[in-house]
Amino acid sequence: MNHTPNTLRAPGLIGLGLITLGLITLGTTASAASIANGGFEAGLNGWTAAGDAGVATAAFGSGPSAGTNQALLTNALDDSDDLSGTNYNASGKAPVEVGGASGLEEQLGLAIGALDALLAAAPTEGSGLVQTFTAGAGSRIAFDWNFLTNDTSAADFAFVAVDGIVRLLADSLSATLIASGSPFGGETGFMTFVSDPFTSSGLHRLAVGVLDLNDYVNSSALLIDEVRGVPAPAGIWLIAAGLFGYLGAGRSGRRPSEGGTAGAASPATARRSRRSRL
Ligand SMILES: [Ca+2]
Ligand SMILES: [Ca+2]
Ligand SMILES: [Ca+2]
Numbered sequence: 002m003n004h005t006p007n008t009l010r011a012p013g014l015i016g017l018g019l020i021t022l023g024l025i026t027l028g029t030t031a032s033a034a035s036i037a038n039g040g041f042e043a044g045l046n047g048w049t050a051a052g053d054a055g056v057a058t059a060a061f062g063s064g065p066s067a068g069t070n071q072a073l074l075t076n077a078l079d080d081s082d083d084l085s086g087t088n089y090n091a092s093g094k095a096p097v098e099v100g101g102a103s104g105l106e107e108q109l110g111l112a113i114g115a116l117d118a119l120l121a122a123a124p125t126e127g128s129g130l131v132q133t134f135t136a137g138a139g140s141r142i143a144f145d146w147n148f149l150t151n152d153t154s155a156a157d158f159a160f161v162a163v164d165g166i167v168r169l170l171a172d173s174l175s176a177t178l179i180a181s182g183s184p185f186g187g188e189t190g191f192m193t194f195v196s197d198p199f200t201s202s203g204l205h206r207l208a209v210g211v212l213d214l215n216d217y218v219n220s221s222a223l224l225i226d227e228v229r230g231v232p233a234p235a236g237i238w239l240i241a242a243g244l245f246g247y248l249g250a251g252r253s254g255r256r257p258s259e260g261g262t263a264g265a266a267s268p269a270t271a272r273r274s275r276r277s278r279l
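Each number in this note's numbering corresponds to the 1-based position in the sequence shown with 1 added.
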């Protein structure tokens with residue numbers, strides 16, 4: 002009497018069920034961020050603006066990185082902020098003071114003082130955009146940015162904050178600047194920011210901004226475009242499938258090399274996928 006075939010088949014079916022369950026579970030949690038109007042083609046719809054925030058086209062002389070529009074933020078009040086007498090303000094709205102009640106940090110959902118920690122001096126005024134969105138665990142948020150500046154004496158800077166964690170994008174004294182086709186004296190050129198993976202699914206918040214440091218003069222700006230969600234790498238799916246396949250193969254007595262090709266291939270796939278994405 003030999004019941005072996007039946008006892009082997011059952012774990013295999015369990016393994017298949019686990020693969021299906023795993024993919025369904027990952028499928029519901031790994032969705033990319035649902036950013037509204039991430040390309041700014043609908044102006045600033047979907048975004049909450051603080052200070053001088055507007056939309057610029059290619060006529061600005063730099064960007065957009067895609068489509069017709071991009072967001073333009075500045076720390077310029079009016080033509081009194083720059084020795085040239087040029088008015089770099091983009092929207093007619095004044096930049097917002099940093100710190101205190103109703104200050105820039107509060108308007109962007111950041112802790113008061115959060116922007117003081119980036120550089121060893123106090124930011125004074127600036128502007129920003131913020132949006133709350135839904136994203137799955139393991140996915141990321143990304144966008145294209147370009148920092149432009151006239152300031153060669155103070156470290157005006159641009160920042161990003163994901164879920165309140167603030168990071169420097171660039172500052173005017175340490176950034177490598179190139180000539181700009183815009184009215185500003187120099188720019189970093191367009192770069193891409195990619196966040197760390199979200200560790201949980203649900204609501205997340207992205208804020209970006211540009212600030213004066215130490216004083217209020219010599220203006221800087223930040224261009225933003227193509228804010229988008231980045232799905233969790235396909236490699237995670239393959240690793241999960243490979244893991245379940247490996248367990249299924251192990252239980253049915255097969256060596257991993259016989260039934261776990263996805264598991265063997267997935268780590269390299271994951272690395273290639275991440276490198277190409279970055
Ligand atoms: Ca665009
Ligand atoms: Ca200013
Ligand atoms: Ca400045």
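Beta carbons: idealized from backbone N, C-alpha and C, even for Gly.
Predicted, not measured: the structure shown is a model, and the values here were computed from it.
A direct Cα-to-Cα measurement between Val161 and Phe194 gives close to 9 Å. Shown here for Ala122: same chain residues with a beta carbon closer than 6 Å to its own, the five before and five after excluded, namely Leu214, Asn215 in chain order. Between Ala156 and Leu170, the gap from beta carbon to beta carbon reaches 8 Å or more. In the three-state reduction of the DSSP assignment, Ser63 falls in the coil class. Distances from the CB of Gln71 to the heavy atoms of ligand 1 include at least one below 7 Å.
Classified as buried, Ala115 has 16 or more neighbouring CB atoms from the shown chains inside 10 Å of its CB.
Between the alpha carbons of Ala138 and Leu223 lies a gap of roughly 29 Å. For Leu105, the uninterrupted alpha helix (DSSP H) run begins and ends at 105-108, by DSSP. Take Asn46, set aside five residues on each side of it, and the residues of its chain with a beta-carbon closer than 6 Å to its own are Asn38, in chain order. With fewer than 16 other beta carbons inside 10 angstroms of its own, Ser81 counts as exposed. Between Leu130 and Ala43, the C-beta gap is not smaller than 8 Å, which leaves the two residues out of contact. At a threshold of 7 Å, Pro184 does not count as near ligand 2, since its beta carbon sits no closer than that to any of the ligand's heavy atoms.
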